[in-house]
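Read in order, the letters of the sequence shown correspond to residues 1 to 596 in full-length UniProt numbering.
Cβ atoms here follow ideal geometry from the backbone N, Cα and C, with glycine treated the same way.
On a predicted model such as this, the values are computed, not experimentally measured, just so you know.
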Amino acid sequence: MTAADSAAKPSTSVVAAGEQSVGTEGFRAIDRMTNVFIAQFTAGFSPASLALAFFDWSIHLAAAPGKRAELVNKAARKIGRLLGYLAAASTHPDTPPCIEPLPGDYRFAAEGWRKQPYAAFAQAFLLNQQWWHNVTHEVPGVTPHHEHVVSFLARQLLDTFSPSNNPLTNPEVVARAFETGGANFVQGWRNFVEDATRAATNKPPVGADGFIPGKDVAVTSGKVVYRNHLIELIQYAPTTDKVRPEPILIIPAWIMKYYILDLSPENSLVRHLVEQGHTVFCVSWRNPDAADRDLTMDDYRRMGVMAALDAVGAIVPDRKIHATGYCLGGTLLAIAAAAMGRTGDDRLASVTLFAAQIDFTESGELALFIDHSEMHFLDSMMWNRGYLSSDQMAGAFQLLRTNDLVWSRHVREYLMGERAPMIDLMAWNADSTRMPYRMHSDYLRRLYLGNELAAGRFMVDGRPAVPQNIRAPMFVVGTERDHVAPWRSVYKVHQLTDTDVTFVLTSGGHNAGIVSEPGHPRRRFRVATKHAADLDLGAEEWLLAAERKDGSWWIEWTQWLGAQSSPDSVPPPGMGAPAKGYPPIEDAPGSYVLQR
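Here you go:
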């Protein structure tokens with residue numbers, strides 16, 4: 001055989017590799033389609049993941065006679081408490097309850113729950129709930145993740161059968177039925193049919209039509225000054241004769257529409273910043289579809305954060321930029337800032353993170369849905385569609401707060417026959433987005449499962465992006481009742497960076513805690529600054545030491561931004577920079593925010 005013959009004829013190993021590649025991909029496609037089929041009957045949960053958690057818990061409980069004896073003892077004591085309460089309440093109606101609901105549980109707060117037999121229903125339920133908490137926790141040998149999953153499932157099942165959700169055992173529903181002659185159930189059925197019809201036809205919830213971006217919300221004046229396939233960049237029009245020299249660039253999460261930061265005029269953070277004399281830019285993300293399935297996390301960094309920084313730098317030249325990221329946008333900003341610090345890119349005057357994590361080891365209840373089995377299942381569903389649908393994402397968040405987001409609505413709208421008035425934040429929450437397949441898989445695997453950013457293993461351009469390379473001062477906000485980014489997880493920025501960090505812990509949750517305009521009643525926050533040379537405090541130590549203040553943290557932030565800015569004010573920059581390729585394209589809020 002000649003050399004030419006050898007070159008023309010592929011080796012058997014190459015042929016075998018090609019056959020194996022084609023065959024392997026075909027077999028994997030069968031697996032994925034099987035998972036997609038199963039997901040239709042499991043609400044998207046991996047049955048293997050749930051079975052593993054249940055088996056881990058049950059086999060260890062079976063091997064723990066001491067734990068079982070303890071549970072029997074606790075059950076007997078709780079039964080005794082309930083019987084003692086019932087005996088006392090039979091002769092003294094004002095007998096105090098034998099158990100109180102957990103903080104934040106308002107299902108039994110109405111006056112009717114203090115009367116018999118409804119008080120007995122509530123007390124029995126709460127004792128049962130407490131016992132099942134004992135059953136699912138502290139079983140020796142159970143993997144912590146599996147313990148959390150089993151506890152979560154038990155809580156969901158118990159909540160389903162709560163007496164507050166039953167029209168026969170809820171005193172408020174019974175009273176309303178007597179008042180209306182049962183008309184509340186008729187109206188509740190109408191509400192249910194209307195909601196089901198809207199959901200089936202992809203229409204927004206009742207009342208959301210009154211909050212249209214650009215008309216009712218997201219109305220702060222501005223122009224889209226840059227657009228690529230992934231983002232529109234909005235520059236907001238100044239309202240003051242002079243502005244701070246350094247502009248602000250906001251990177252919201254693409255898991256949400258940007259206008260949570262520009263809701264109604266009275267609670268718009270964007271408007272507040274503009275009125276304080278800042279030049280404000282904000283990214284509006286594209287709502288991806290199946291054609292965007294192969295967009296990656298690095299595409300979001302390059303086409304999102306870095307492209308926006310380039311545009312802002314061209315429009316406001318020779319000035320550093322106050323970069324601000326919210327939720328997932330904050331995580332991406334931290335990645336970009338770490339990569340910039342490594343290469344000596346010093347364009348950032350400061351970095352602000354709203355409810356954003358860079359360490360995911362304690363990422364809260366959202367981690368319940370993220371393990372290797374569940375990721376394989378989720379990958380299959382996203383592979384089939386090319387994206388994670390908005391209803392799947394919304395469903396996951398609702399499961400984290402079923403009492404607030406599911407069952408309370410069920411009682412109010414379907415049993416009481418009432419409609420809660422739609423507000424801007426609720427309408428925004430219903431305006432959800434999709435997640436591209438590759439990006440979302442990368443995000444969950446590399447950050448939630450691998451914790452690569454905190455470990456210094458998240459690669460950008462072939463080199464690790466290490467948070468310690470962030471050189472700009474940081475302002476970081478956590479919220480007290482955040483189920484998505486728990487504040488103690490957000491707080492870990494102190495241990496992962498070597499710069500000055502001002503940390504704020506504000507009242508509220510992941511969204512309402514950020515939309516905290518001045519004048520909002522009952523708002524409060526704690527704040528403290530750690531300089532680069534200071535000793536670290538643990539989260540609980542910080543909580544005791546930080547100064548508590550009443551009011552909105554927005555004022556604290558704008559004062560902090562002022563301290564990081566040049567002292568002199570300057571005339572506002574023009575809208576866009578046509579000569580540099582950044583002409584005004586259209587009025588804010590642009591086109592991408594309207595994509596559904």
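Assuming F54 and V150 are in contact, meaning their beta carbons sit under 8 Å apart, how far apart are those beta carbons, in whole angstroms?
As a working note, residue 54 is residue 54 in the sequence shown. As a working note, residue 150 is residue 150 in the sequence shown. With a Cβ gap of about 6 Å, F54 and V150 count as contacting.
Helix, strand or coil for Q156, going by three-state DSSP, please let me know.
For the purposes of this step, residue 156 is taken as the residue at position 156 of the sequence shown. Here Q156 sits in helix by DSSP.
Taking contact to mean 3 or more Cβ pairs, one atom from each stretch, closer than 8 Å, check whether the region 203-211 and the region 427-438 are in contact.
The region 203-211, when compared against the region 427-438, does touch it at the 8 Å Cβ threshold.
Hey, is the region 361-376 in contact with the region 394-409, meaning 3+ C-beta pairs nearer than 8 Å?
Taking 8 Å as the limit for Cβ pairs, the verdict is that the region 394-409 does touch the region 361-376.
Have a look at D500, L102, L295 and M459 and flag the residue whose alpha-carbon is nearest the alpha-carbon of L230.
Taking the sequence shown and counting its residues from 1, one reaches residue 230 at position 230. Answer by Cα proximity: L295.
Using CA coordinates, which residue listed in W560, R301 and Q495 is at the minimum distance from D461?
Within the sequence shown, residue 461 is the residue found at index 461, counting from 1. Taking only the C-alpha atoms, the option nearest D461 is R301.
Where L444 and A334 are concerned, what is the direct C-alpha to C-alpha distance, given to the nearest angstrom?
For the purposes of this step, residue 444 is identified with residue 444 of the sequence shown, where counting begins at 1. For the purposes of this step, residue 334 is identified with residue 334 of the sequence shown, where counting begins at 1. About 16 Å.
Looking at the unbroken alpha helix (DSSP H) that takes in K78, where does it start and where does it end?
Mapped onto the sequence shown, residue 78 falls at position 78. Unbroken alpha helix (DSSP H) run through K78: P65 to T91.
Using the three-state DSSP reduction, which class does E418 fall into: helix, strand or coil?
Position 418 of the sequence shown, counted from the first residue, corresponds to residue 418. Coil, per DSSP.
In chain order, what residues of the same chain have a beta carbon less than 7 Å from the beta carbon of A4, not counting five sequence neighbours either side?
Numbered from 1 along the sequence shown, position 4 holds the residue referred to as residue 4. No answer about A4 holds up, because its pLDDT of 40 lies below 50 and its placement is not dependable.
Taking the alpha-carbon positions, what's the W487 to G478 distance?
Taking the first residue of the sequence shown as 1, we reach residue 487 at position 487. Taking the first residue of the sequence shown as 1, we reach residue 478 at position 478. Each residue's Cα considered, the two are about 5 Å apart.
Quick check on DSSP: helix, strand or coil for E413?
In the sequence shown, the residue the question calls residue 413 occupies position 413. E413: helix per DSSP, three-state reduction.
Taking T324 as the reference, which of L261, R342 and N384 has the closest Cα?
Start at 1 with the first residue of the sequence shown, and residue 324 comes out as number 324. When only C-alpha atoms are compared, the closest one is L261.
Between V224 and D31, what straight-line distance do the alpha-carbon atoms span, to the nearest angstrom?
For the purposes of this step, residue 224 is taken as the residue at position 224 of the sequence shown. For the purposes of this step, residue 31 is taken as the residue at position 31 of the sequence shown. For V224 and D31, the distance between alpha carbons rounds to 44 Å.
Can we say the region 526-536 touches the region 236-252, given the rule of at least three CB pairs closer than 8 Å?
The region 526-536, when compared against the region 236-252, does not touch it at the 8 Å Cβ threshold.
With a threshold of 6 Å on Cβ separation, who are the neighbours of M303 within its own chain once the five nearest residues in sequence on each side are excluded?
Translated into the one-based positions of the sequence shown, residue 303 becomes position 303. Contacts found: N228 and L230.
With a 10 Å radius around its C-beta and 16 neighbouring C-beta atoms as the bar for buried, classify Y448 as buried or exposed.
On the sequence shown, residue 448 is found 448 positions in, with the first residue counted as 1. Buried: at least 16 other Cβ atoms inside 10 Å.
When the Cα of D292 is compared with those of P101, M382 and Q495, which residue comes out closest?
Here residue 292 refers to the residue found at position 292 of the sequence shown. Here the closest residue by C-alpha is M382.
Per DSSP, what are the beta-bridge partners of D587 in this structure?
Looking up residue 587 in the sequence shown gives position 587. Paired residue(s): K223.
Return the CA-CA distance between D289 and R385, expressed in angstroms with no decimal places.
Within the sequence shown, numbered from 1, the residue matching residue 289 stands at position 289. Within the sequence shown, numbered from 1, the residue matching residue 385 stands at position 385. Spanning the two alpha carbons is a distance of roughly 9 Å.
I'd like the list of long-range same chain contacts for G509, defined as Cβ closer than 6 Å, with 5 residues on each side in sequence excluded.
Working through the sequence shown from its first residue, we reach residue 509 at position 509. Excluding sequence neighbours, G509 sits near T479, R481 and D482.
Could you tell me how far apart the beta carbons of G330 and L353 are, in whole angstroms, since I believe they sit closer than 8 Å?
The residue labelled residue 330 in the question sits at position 330 within the sequence shown. The residue labelled residue 353 in the question sits at position 353 within the sequence shown. At roughly 4 Å, the Cβ-Cβ gap stays under 8 Å, so G330 and L353 are in contact.
Shortest alpha-carbon distance to F475 belongs to which of A420, L86, L405 and A356?
Numbered from its first residue, the sequence shown carries residue 475 at position 475. For F475, the nearest C-alpha among the options comes from A356.
I250 lies in the beta strand (DSSP E); which residues open and close that run?
Residue mapping note: residue 250 aligns to position 250 of the sequence shown, counting from 1. I248 to I251 is the extent of the beta strand (DSSP E) around I250.
Straight-line CA distance for K9 to M33?
Start at 1 with the first residue of the sequence shown, and residue 9 comes out as number 9. Start at 1 with the first residue of the sequence shown, and residue 33 comes out as number 33. Caution applies to K9, whose pLDDT of 45 falls short of 50 and renders its modelled position unreliable; the value that the coordinates give is listed next. Between K9 and M33, the C-alpha separation is close to 36 Å.
Does the contact criterion of 3 or more C-beta pairs under 8 Å hold for the region 265-274 versus the region 504-519?
They touch, by the three-pair rule.
According to DSSP, simplified to helix, strand and coil, what is G478?
Position 478 of the sequence shown holds residue 478. It is a strand residue.
Going by DSSP, what residues sit across from C327 in a beta bridge?
Start at 1 with the first residue of the sequence shown, and residue 327 comes out as number 327. In the DSSP output, where bridge partners are listed per residue, C327 has none listed.
Alpha carbon to alpha carbon, how far is E138 from T220?
Residue mapping note: residue 138 aligns to position 138 of the sequence shown, counting from 1. Residue mapping note: residue 220 aligns to position 220 of the sequence shown, counting from 1. Using only the alpha carbons, I get a separation of about 52 Å.
In whole angstroms, what separates the C-alpha of V316 from that of P573?
Your numbering for residue 316 matches position 316 in the sequence shown. Your numbering for residue 573 matches position 573 in the sequence shown. Cα to Cα, the separation comes out at about 7 Å.
Please report how far the alpha carbon of A253 lies from the alpha carbon of V504, in whole angstroms.
Position 253 of the sequence shown holds residue 253. Position 504 of the sequence shown holds residue 504. A253 and V504: Cα-Cα distance of roughly 20 Å.
When you compare the CB positions of W57 and T160, do they come within less than 8 Å of one another, or not?
In the sequence shown, the residue the question calls residue 57 occupies position 57. In the sequence shown, the residue the question calls residue 160 occupies position 160. No. Outside cutoff.
Leaving out five residues before and five after A539 in sequence, what residues of the same chain have Cβ atoms less than 7 Å from its Cβ?
The residue labelled residue 539 in the question sits at position 539 within the sequence shown. Counting only Cβ-Cβ distances below 7 Å, and skipping sequence neighbours, we find R488 and Y491.
Using 10 angstroms around the beta-carbon of T361, count the other beta-carbons present and answer buried if the total reaches 16, otherwise exposed.
As a working note, residue 361 is residue 361 in the sequence shown. Exposed, by the Cβ-count rule.
Can you confirm whether the region 457-473 touches the region 338-345 when touching is taken to mean that 3 or more C-beta pairs between the two stretches lie within less than 8 Å?
As far as the Cβ criterion goes, the region 338-345 touches the region 457-473, which means the pair count is three or higher.
In the structure shown, what three-state DSSP assignment does E232 receive?
Here residue 232 is taken as the residue at index 232 of the sequence shown, counted from 1. Correct three-state label for E232: strand.
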